[in-house]
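Student:
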Amino acid sequence: MRILLVEPAVYTPDGLDKREMRPSQLISLTLPYLAAMVPPDWEVDLVYEVCEDLERDYDLASYDLVGITTQTIQLKRTLELARMIRRQGPRVVIGGPATVEDNHSLVPVISRFCDSVVVGEADVLWRHLIADLARGELKEIYQSHEPVPMAGHPLPRFDLVDFNKIATPHVLPSFTARGCPRRCTFCSEFLYSKWRYRPVDDVHQELLAYRDRFGIPRVVFRDDDFLVFPKRSKELLGRLAGEGIEWGCQTDFNLARHPDVVQSALDGGMRVASFGVESVREKNREFTEKTFFTIPEAEELLLRLHEAGVETQVNVIFGFDWDDPDVFEETYEFALRTKVSRLFLSVLYPIPGTPLYEHLAREGRLLEKRPQGIDDPLAVTFTPKLLTPDQLVEGYLDVERRFAETDLTGRNYWLGKDLVVV
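Read in the working numbering, the sequence shown has 295 at position 292, and its numbers run on one by one without any break.
1. Below 6 Å CB to CB, which residues in the same chain sit around L359 once its five sequence neighbours on both sides are set aside?
2. Which class does R186 belong to by DSSP, given the choice of helix, strand or coil?
3. Are L346 and Y399 touching if we call contact CB-CB under 8 Å?
4. Quick check on L244: does DSSP put it in helix, strand or coil?
5. Assuming contact is defined by CB atoms lying nearer than 8 Å, are L78 and A64 in contact in what I supplied?
6. Which of helix, strand or coil does DSSP assign to W45?
7. Taking DSSP as the reference, what is the three-state secondary structure of P176?
8. So, for L305: in the same chain, excluding its five sequence neighbours on each side, which residues have a beta-carbon less than 8 Å away from its beta-carbon?
9. Residues bridged to G98 by DSSP?
10. DSSP state of G279, grouped into three classes?
11. Among V319, I133, R90, E143, which residue has its Cα nearest to the Cα of E58?
12. Any idea if A125 is buried or exposed, counting beta-carbon neighbours within 10 angstroms, 16 or more meaning buried?
13. Taking 8 Å as the threshold (C-beta atoms), are R199 and P442 in contact?
14. Assign D263 to one of two classes, buried (16 or more other C-beta atoms within 10 Å of its C-beta) or exposed (fewer than that).
15. Examine the Cβ distances between the region 245-252 and the region 288-305 and report whether three or more of them are shorter than 8 Å.
16. Straight-line CA distance for P220 to T81?
17. Mapping the DSSP letters down to three states, classify E336 as helix, strand or coil.
18. Ordered along the chain, which non-local residues of its own chain (more than five positions away) have a Cβ less than 6 Å from that of L269?
19. So which of D226, F296, K234 has the shortest CA-CA distance to Q259?
20. With a threshold of 7 Å on Cβ separation, who are the neighbours of H261 within its own chain once the five nearest residues in sequence on each side are excluded?
21. Let me confirm a value: H148 is counted as buried when at least 16 other C-beta atoms fall within 10 Å, else exposed. Which label applies?
22. Span of the beta strand (DSSP E) holding W250?
23. Is the beta carbon of P11 sitting closer than 8 Å to the one on I71?
24. Could you work out which residue in A382, E52, K388 is closest to R368 when comparing CA atoms only?
25. So, D1 versus L239, is the Cβ gap smaller than 8 Å?
26. Closer than 8 Å is the cut-off here; do at least three beta carbon pairs connect the region 42-62 with the region 171-187?
27. For the beta strand (DSSP E) that V317 lies in, which residues bound it at each end?
28. Near V313, what residues of its chain come up, given a Cβ to Cβ distance below 8 Å and the 5 sequence neighbours on each side ignored?
29. Who are the Cβ neighbours of E143 in its own chain at under 8 Å, not counting the five residues just before and after it?
30. Under 8 Å by Cβ, that's how I've got V402 and Y335 pegged, so tell me the actual separation to the nearest angstrom.
31. For A39 versus P202, is the C-beta spacing smaller than 8 Å?
32. Return yes when the Cβ of L32 is within less than 8 Å of the Cβ of R225, no when it is not.
33. Quick one: what's F347 bridged to in DSSP?
34. Which residues bound the beta strand (DSSP E) around F385?
35. Tell me whether the beta-carbon of Q478 lies closer than 8 Å to the beta-carbon of G182.
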């Protein structure tokens with residue numbers, strides 16, 4: 004059997020995002036992880052379309068199955084690829100977060116373009132699908148809402164990745180937990196399974212394999228909130244101290260209240276940290292239920308990490324109800340004041356099924372139901388309260404442009420142009 008696993012590119016306002024001349028720096032965990040569950044006598048290839056030409060470089064007709072993982076923002080390209088690949092003969096299976104959002108409402112659409120849809124965490128479902136493929140009996144849908152066990156995950160097949168196509172420094176993804184203990188009103192994470200974590204020993208051994216087997220001692224933890232529980236965090240950080248492994252993560256500003264954990268993180272190899280500020284306006288953060296930190300606490304922690312040599316990224320969303328035209332300048336000044344290395348901005352998108360979506364629906368402010376990114380990744384799909392849609396997009400683009408021109412970016416080791424910790 005021959006299997007091809009694909010992560011599609013994303014459409015931007017300028018067209019399909021292809022970076023063959025400036026390769027993507029951080030690859031995802033999904034493809035190598037799925038490849039690790041394929042029988043060893045089967046042939047498996049991995050394609051990250053953002054830095055490869057799928058149609059030019061691969062004989063698609065030679066594969067028995069092509070699996071595509073997709074987020075909603077990748078869905079337009081996913082369906083294009085699925086249609087094109089099926090015409091050449093292989094069976095196509097599609098899975099990923101896009102199959103789960105909005106109470107699975109996209110599944111009927113997706114199923115028209117493929118042979119099978121995987122809904123839910125793929126760990127167990129993928130094994131069932133592989134067994135059915137060997138028997139020639141693929142089902143139309145593989146679905147489970149049960150959380151999978153967190154112990155005993157296979158080592159991802161990073162040996163299948165062509166690192167000549169990936170920019171340096173090479174950084175590998177890992178995770179210590181799934182789910183999120185927070186319940187932010189705009190976030191889709193609560194639509195998935197509850198928060199649970201991997202055994203510390205499993206994570207430690209995986210990172211040693213990254214260093215020793217693949218020769219890459221740099222890791223980004225893809226947890227939604229890596230350092231959320233101080234006791235468990237310190238146990239893992241103690242294992243990492245002295246191992247020569249550098250790492251980055253996404254965490255929250257509750258960390259500011261635990262200086263001992265901050266020090267353990269620094270001793271354990273932390274080099275980059277990403278934080279969800281979401282908004283510099285307190286009223287907006289009250290609505291999102293991110294009231295477990297204040298902006299002064301955020302500023303204090305960001306500056307402390309900067310002084311310790313840690314590169315920091317803050318994530319900000321524009322378009323909440325208390326955003327007016329002044330919020331863009333306030334956000335820009337916050338970024339300068341805190342010396343962050345990366346400012347990751349986005350336009351608010353109400354995800355169906357979230358409290359934010361229900362709030363806007365009750366007020367009659369939803370403009371369309373099509374997922375953001377199907378046609379335009381900057382689409383404003385609701386009526387903002389204190390901004391026009393044009394002001395929202397123009398303000399976003401202005402802050403992005405101005406920050407890119409500062410000397411805070413481009414000088415960092417980890418957070419290169421294409422590496423974003425989200």
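Even glycine gets a Cβ: it sits at the ideal position worked out from N, Cα and C. Quick caveat, the model's predicted, so the values are computed rather than measured.
Tutor: Quick answer:
1. T188, F189, P353
2. coil
3. no
4. Inspection of the sequence shows that residue 244 is occupied by Ala rather than by Leu. In the structure shown, A244 sits in coil (DSSP, three-state: anything other than H, G, I, E or B).
5. no
6. coil
7. strand
8. F278, T315, V317, T341, K342, V343
9. T72
10. strand
11. R90
12. buried
13. Residue 442 is absent from the structure shown; the chain starts at 4 and stops at 425.
14. exposed
15. no
16. 32 Å
17. helix
18. A311
19. In the sequence under discussion, the amino acid at residue 259 is Ala, which differs from the Gln named in the question. A259 has its Cα closest to that of F296, out of D226, F296, K234.
20. P233
21. exposed
22. 249-254
23. yes
24. K388
25. This structure does not reach residue 1, given that the chain is present from 4 up to 425, and the question cannot be answered.
26. no
27. 314-321
28. L269, M273, R274, V275, A276
29. S114, D118, S119, V120
30. 5 Å
31. no
32. yes
33. N318
34. Segment: none, F385 is in no beta strand (DSSP E) and carries neither H nor E.
35. In the structure as shown, the chain starts at 4 and stops at 425, and residue 478 therefore has no counterpart that could be examined.
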